[in-house]
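A short worksheet on the structure shown next.
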Ligand code: ADP
Ligand code: TYD
């Protein structure tokens with residue numbers, strides 16, 4: 163039996179794969195069909211999430227501090243928004259979740275499988291994980307990175323490792339989407355998979 167009446171749909175992938183674009187489009191399409199939808203993201207806009215975002219400009223935290231903050235941010239997100247919405251029968255769409263922790267903090271030296279285990283103790287498992295997969299070159303082009311810092315070899319290598327960790331996630335709920343298509347084609351591919359899950363109209 164399902165643990166709650168709602169549905170949890172996650173979009174993941176490295177930066178520039180189109181997650182936030184597709185999350186918004188999906189939320190709008192589902193709302194047009196009459197579904198009740200909550201769209202959110204991680205890191206969140208709460209205090210922990212803000213500290214994490216700030217650290218991108220004010221200086222990166224130690225790997226341990228960073229991992230702890232992502233987990234604090236997610237615990238709060240789960241308790242205040244994700245679980246109540248799922249229990250209330252809503253479709254929850256998240257732009258990033260604990261698979262990003264597996265990938266990005268995995269690259270910083272933590273074991274991705276251990277990260278997954280820890281998260282599954284407090285964070286609901288998704289009904290659908292849409293993994294937007296795209297080559298590094300195209301992803302970086304989309305976010306306007308050509309030369310400079312983000313092109314340093316180490317950073318490219320880290321992003322490639324993130325992509326590899328995302329692609330290594332295996333479960334029945336995973337659907338890999340080729341993100342090297344037009345926005346409309348990706349939208350259609352996602353909508354087809356989501357309709358299989360939630361149906362054409364609200365129950
Ligand atoms: P993410 O949330 O994964 O970082 P975004 O949705 O913010 O990605 O998209 C990054 C950039 O790429 C934005 O400028 C967006 O308009 C553009 N973009 C998104 N999807 C596509 C696509 N399928 N083809 C070309 N450009 C895209
Ligand atoms: P995001 O806001 O999605 O970045 P952008 O708007 O630039 O696409 O996420 C911020 C960064 O946080 C991104 O580089 C991925 C990283 N991140 C982690 O390192 N671990 C996590 O658990 C999450 C959710 C995000």
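In my numbering, the protein residues as written are 163 to 365. We put the CB at the ideal spot given by N, CA and C, even for glycine. Predicted model only: the values in this text are computed from it and were never measured.
Are the CB atoms of residue 187 and residue 171 nearer to each other than 9 Å? The count along the chain shown starts at 1 and reaches residue 187 at position 25. The count along the chain shown starts at 1 and reaches residue 171 at position 9. Taking C-beta atoms as the reference points, residue 187 and residue 171 fail to come closer than 9 Å.
Please report the straight-line C-alpha distance between residue 328 and residue 287, rounded to a whole angstrom. Numbered from 1 along the chain shown, position 166 holds the residue referred to as residue 328. Numbered from 1 along the chain shown, position 125 holds the residue referred to as residue 287. One C-alpha to the other measures close to 16 Å.
Using the rule of at least 16 other Cβ atoms within 10 Å of the residue's Cβ for burial, across every protein chain shown, is residue 206 buried or exposed? Here residue 206 is taken as the residue at index 44 of the chain shown, counted from 1. Its Cβ being crowded by 16 or more others within 10 Å, residue 206 is buried.
Counting only runs that start and end within the region 175–236, where is the beta strand (DSSP E) found for 3 or more residues in a row? List check, beta strand (DSSP E) in window: 199–203.
Quick check on DSSP: helix, strand or coil for residue 331? To locate residue 331, count along the chain shown from 1; it is residue 169. Residue 331 carries a coil assignment under DSSP once its states are collapsed to helix, strand and coil.
Closer than 8 Å: is that where the CB of residue 271 sits relative to any heavy atom of the ligand ADP? Sequence index remark: in the chain shown, residue 271 carries index 109 (1-based). Residue 271: no, Cβ never under 8 Å from the ligand ADP.
Which value, in whole angstroms, describes the spacing of the CA atoms of residue 194 and residue 364? One-based indexing of the chain shown puts residue 194 at position 32. One-based indexing of the chain shown puts residue 364 at position 202. Approximately 11 Å between the Cα atoms of the pair.
Backbone secondary structure at residue 289 - three-state DSSP: As a working mapping, residue 289 is identified with position 127 in the chain shown. Coil, per DSSP.
What would DSSP say about residue 296, mapped onto helix, strand or coil? Locating residue 296 in the chain shown gives position 134, counting from the first residue. Coil at residue 296, not helix or strand.
So residue 210 packs on residue 267, CB below 8 Å; how close in whole Å? For the purposes of this step, residue 210 is taken as the residue at position 48 of the chain shown. For the purposes of this step, residue 267 is taken as the residue at position 105 of the chain shown. About 14 Å separates the two Cβ atoms, so there is no contact after all.
Tell me whether the beta-carbon of residue 202 lies closer than 9 Å to the beta-carbon of residue 243. In the chain shown, the residue the question calls residue 202 occupies position 40. In the chain shown, the residue the question calls residue 243 occupies position 81. Going by C-beta atoms, residue 202 is nearer than 9 Å to residue 243.
Cβ of residue 236 within 9 Å of Cβ of residue 261? Translated into the one-based positions of the chain shown, residue 236 becomes position 74. Translated into the one-based positions of the chain shown, residue 261 becomes position 99. Contact check for residue 236 against residue 261 fails: the beta carbons are separated by 9 Å or more.
Sheet register partners of residue 255 (DSSP bridge): Position 93 of the chain shown, counted from the first residue, corresponds to residue 255. In DSSP, residue 255 forms a bridge with 171 and 201.
Distance cut 7 Å, beta-carbon to the ligand ADP heavy atom: residue list by chain order: Working through the chain, the matches are 175, 177, 178, 179, 180, 181, 182, 183, 184, 257, 294, 304, 305, 341, 343, 344, 345 and 348.
Hey, would you say the C-beta of residue 152 is under 8 Å away from at least one heavy atom of the ligand TYD? Past the edges of the chain, shown from 163 to 365, lies residue 152, and the structure says nothing about it.
What are the residues that DSSP puts in a beta bridge with residue 337? Here residue 337 refers to the residue found at position 175 of the chain shown. Per DSSP, the beta-bridge partners of residue 337 are 292.
Relative to the C-alpha of residue 168, which candidate in 258, 250 and 182 has its C-alpha closest? Along the chain shown, one-based indexing puts residue 168 at 6. Considering only alpha carbons, the answer is 250.
Do residue 303 and residue 180 have their C-beta atoms closer together than 9 Å? Residue mapping note: residue 303 aligns to position 141 of the chain shown, counting from 1. Residue mapping note: residue 180 aligns to position 18 of the chain shown, counting from 1. The Cβ atoms of residue 303 and residue 180 lie no closer than 9 Å to each other.
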